[in-house]
Structure formats: C-alpha cells, structure tokens
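Peer 1:
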Amino acid sequence: ELVLYSVNAITSGSTESQGEVTVRLQLGGRVVNGVGADPDIVVASAKAYLAALNKLHANLERVAAQG
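Just so we're aligned, residue 597 is where the sequence shown starts under the working numbering, counting upward by one.
(1) Go ahead and pull the three-state DSSP assignment for E616.
(2) Tell me the DSSP bridge mates of A605?
(3) Alpha carbon to alpha carbon, how far is G625 from T618? Give it in angstroms, no decimals.
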C-alpha cells in the first residue's frame with residue numbers, strides 16, 4: 597500500500613532543477629521508505645518507488661530466512 601508520496605525541489609531556478617521524491621510503502625505491518633532524485637519527476641518517482649520495493653523485498657527475505 598502506498599502510504600506517502602512527497603515531491604520536493606532540491607534545486608530551483610534553472611533548467612537543470614532536481615526533484616526529490618519520497619515514497620512510503622506498507623505491507624503486512626512493515627513500512628519502508630524510498631527516495632529518488634532526478635530532473636525528470638517521473639524518473640525520480642520511479643527511482644523512489646523501486647528503492648522502497650527493494651527494501652520491502654529485502655525485509656521479507658530476511659524474515660523468511662529467519663524462519
């Protein structure tokens with residue numbers, strides 16, 4: 597479940613402005629954050645979402661390995 601989607605400008609005032617996106621996902625009581633930055637806000641969003649998914653996947657694998 598997507599719990600948070602936040603967009604912030606890291607730099608402003610130029611054609612090379614950077615946007616930073618923070619995404620928070622929740623699954624089964626586990627909450628993870630992902631952050632992505634890019635001049636293209638869609639790319640920054642994808643980076644943030646993938647970062648959060650990777651953390652969630654790593655957490656699930658760790659729990660499964662512990663038994």
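Ideal placement from N, C-alpha and C gives every residue a C-beta, glycine not left out.
Peer 2: Per the coordinate set shown:
(1) When DSSP states are grouped into helix, strand and coil, E616 belongs to the strand group.
(2) Bridge partners of A605: G615.
(3) Looking at the two C-alpha atoms, the distance is approximately 19 Å.
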